[in-house]
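Inspection log for the structure reproduced underneath, given as C-alpha cells.
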Amino acid sequence: MRAPFFTSVERRGHPGLGGKALAVMRRRPRSVGTGTTYQARQDGVKRALPPPRRTALTRCAALT
1 MRAPFFTSVE
11 RRGHPGLGGK
21 ALAVMRRRPR
31 SVGTGTTYQA
41 RQDGVKRALP
51 PPRRTALTRC
61 AALT
C-alpha cells in the first residue's frame, strides 16, 4: 500500500509532524490526497478524497 509511504516520507523529512494530522497532496485547488495519517482519518479525511482541497481542510481543522 502506497498511502503510508507518502506520509512516512514527509514525517522523516519534517520530524515536527509526528503525531499530527497530515494529508499529502499538491498545492493546487483541485488536487487529490495521496496519503493521510490515522489522526486525519479519524476526522474524515481520506486518501483520494475528491477535490477541492478545501474539503479536507474543513473536515479536519488541525490538518497540516
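Numbering (UniProt numbering), first residue to last: 1 to 64.
The beta-carbon is built from N, C-alpha and C at its ideal position, and this holds for glycine as well.
At what residues does the alpha helix (DSSP H) containing residue i begin and finish?
| i | result |
| --- | --- |
| R27 | Where R27 is concerned, there is no enclosing alpha helix (DSSP H), given that its DSSP letter is neither H nor E. |
| R41 | Y38 to Q42 |
Do you know how far the Cα of residue j is from the Cα of residue i?
| i | j | result |
| --- | --- | --- |
| S8 | V24 | 10 Å |
| residue 65 | A56 | Examination of residue 65 is not possible in this model, given that the chain is present from 1 through 64 alone. |
| G19 | D43 | 14 Å |
| T58 | R30 | 15 Å |
| L63 | A48 | 16 Å |
DSSP three-state call for residue i: helix, strand or coil?
| i | result |
| --- | --- |
| A56 | helix |
| G13 | helix |
Less than 7 Å separating the beta-carbons of residue i and residue j?
| i | j | result |
| --- | --- | --- |
| Q39 | A21 | yes |
| T34 | F6 | yes |
| L17 | R26 | no |
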